[in-house]
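Q:
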Amino acid sequence: MKCPYCSVDDDKVVDSRTISEGRAVRRRRECNGCQRRLTTYERMEEVTRLVVKKNQTRQEFSRTKVLDGLITACQKRPVSMEQMESVVDEVEKQIRERFDREVPSVFIGETVSEQLRELDPVAYVRFASVYQEFADVSQFLQELTSLMENRGLEKRETEKRETEDVL
Numbered sequence: 012m013k014c015p016y017c018s019v020d021d022d023k024v025v026d027s028r029t030i031s032e033g034r035a036v037r038r039r040r041e042c043n044g045c046q047r048r049l050t051t052y053e054r055m056e057e058v059t060r061l062v063v064k065k066n067q068t069r070q071e072f073s074r075t076k077v078l079d080g081l082i083t084a085c086q087k088r089p090v091s092m093e094q095m096e097s098v099v100d101e102v103e104k105q106i107r108e109r110f111d112r113e114v115p116s117v118f119i120g121e122t123v124s125e126q127l128r129e130l131d132p133v134a135y136v137r138f139a140s141v142y143q144e145f146a147d148v149s150q151f152l153q154e155l156t157s158l159m160e161n162r163g164l165e166k167r168e169t170e171k172r173e174t175e176d177v178l
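Positions in the sequence shown are counted from 1; adding 11 to them yields the working numbering.
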């Protein structure tokens, strides 16, 4: 590999480790000409996946587009960038496991919704309102009621388990 600093085509690998759940390799290299260090990344070439939208048009899957939607939904919420990237990682993982070339946009929206529902209920409702195209306030209320009922059920189940553990 040609050194970006001195253009000598001679280097040695100083450190090598896997990253991104083993899907990439990060290498620290040292140029034998100028002794400067650089970092390279080796990734497997991904298969291009197309998103099939509701109107049957297709566009290339974009991690950035999913992340942008999450950033908008999580604005002014206690959700870190790391958590949002983790959601996108999970979406990509599920797409790789289930689809070869084309993935329905509905699958992406549902997967993000499931992840957000657990992560931050307010961000979930914000995302769902756009994804599910809420037409009026009654749809908001219906989703909020469902969310609150599920939270109440989860809380009662947790309290029941804690009581059983004490006995």
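Backbone N, C-alpha and C define an ideal beta-carbon position, used for all residues, glycine too.
Please name the residue or residues paired with Lys23 in a DSSP beta bridge.
A: For the purposes of this step, residue 23 is identified with residue 12 of the sequence shown, where counting begins at 1. DSSP output for Lys23 lists Glu41 as bridge partner(s).
Q: So for Glu93, helix, strand or coil by DSSP?
A: Within the sequence shown, residue 93 is the residue found at index 82, counting from 1. In the structure shown, Glu93 sits in a helix (DSSP, three-state: H, G or I).
Q: Considering only the alpha carbon of each residue, which of Pro89, Pro15, Gly44 and Glu57 lies closest to Arg74?
A: The residue you call residue 74 lines up with position 63 of the sequence shown. Closest option to Arg74, Cα to Cα, is Glu57.
Q: Please report how far the alpha carbon of Arg137 lies from the alpha carbon of Val25, in whole angstroms.
A: Within the sequence shown, residue 137 is the residue found at index 126, counting from 1. Within the sequence shown, residue 25 is the residue found at index 14, counting from 1. So the two alpha carbons sit approximately 47 Å from each other.
Q: List the residues that DSSP assigns as beta-bridge partners of Tyr142.
A: The residue given as residue 142 occupies position 131 in the sequence shown. Its beta-bridge partners do not exist; DSSP assigns none.
Q: With burial defined as no fewer than 16 other Cβ atoms inside 10 Å of the residue's Cβ, what is the status of Val117: buried or exposed?
A: Position 106 of the sequence shown, counting from 1, holds the residue named residue 117. Classification for Val117: exposed.
Q: Quick one: what does DSSP say Glu32 is sitting in, helix, strand or coil?
A: In the sequence shown, the residue the question calls residue 32 occupies position 21. Three-state result, Glu32: coil.
Q: Please say whether Ala84 and Ala134 have beta carbons closer to each other than 8 Å?
A: Translated into the one-based positions of the sequence shown, residue 134 becomes position 123. Translated into the one-based positions of the sequence shown, residue 84 becomes position 73. The answer is yes: Cβ separation under 8 Å.
Q: Smallest Cα separation from Gln126: which of Arg107, Ser149 and Val102?
A: Here the question's residue 126 lines up with position 115 in the sequence shown. Of the listed residues, the one whose Cα sits closest to Gln126 is Val102.
Q: What number of angstroms, rounded off, separates the C-alpha of Arg47 from the C-alpha of Lys23?
A: Within the sequence shown, residue 47 is the residue found at index 36, counting from 1. Within the sequence shown, residue 23 is the residue found at index 12, counting from 1. Approximately 11 Å between the Cα atoms of the pair.
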